[in-house]
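Below is one structure, written out as structure tokens, with a few remarks after it.
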Amino acid sequence: MNGDLPGQTNYLGGSPNESLVGEIFGVGTYERALTPEEIGGLARAFAVPEPSSLAMLSIGCVGLMFRRRKRA
Numbered sequence: 001m002n003g004d005l006p007g008q009t010n011y012l013g014g015s016p017n018e019s020l021v022g023e024i025f026g027v028g029t030y031e032r033a034l035t036p037e038e039i040g041g042l043a044r045a046f047a048v049p050e051p052s053s054l055a056m057l058s059i060g061c062v063g064l065m066f067r068r069r070k071r072a
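For the sequence shown, position 54 (counting from the first letter as 1) is numbered 54 according to the UniProt record's numbering, and the numbering increases by one without interruption.
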């Protein structure tokens, strides 16, 4: 057992077929904030709409459809 995680481990921006070995290249403390270039290789997170917002939008669209159908 060598500690590799096979499969879709794309947390560090590599290709989807790479495996994450978990090696540590450097450990230290810093007296400053990281620059955007230093953060560039970290995992990215994308905004996901809340379920309640999506439900309200869906109910509003259905209401408009019924209103239009009622007038016709």
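Just so it is clear, CB atoms sit at the ideal spot from N, CA and C, and this is done for glycine as well.
| request: Pick helix, strand or coil for V62, following the three-state DSSP scheme. | output: helix
| What separation, rounded to the nearest whole angstrom, lies between the Cα atoms of L57 and I39? | 35 Å
| How many angstroms separate the CA atom of G60 from the CA atom of P49? | 16 Å
| query | Looking only at its own chain, which residues have a Cβ that is under 6 Å from the Cβ of S53, when we skip the five neighbours before and after it? | reply | none
| Going along the chain, which residues of its own chain have a beta-carbon closer than 6 Å to the beta-carbon of R69, five neighbours each way excluded? | none
| query | When you compare only the Cα positions, how much space is there between V62 and P51? | reply | 16 Å
| query | In whole angstroms, what is the alpha-carbon distance linking S33 and A55? | reply | A small fix is needed here, since residue 33 is Ala in this sequence, not Ser. For A33 and A55, the distance between alpha carbons rounds to 40 Å.
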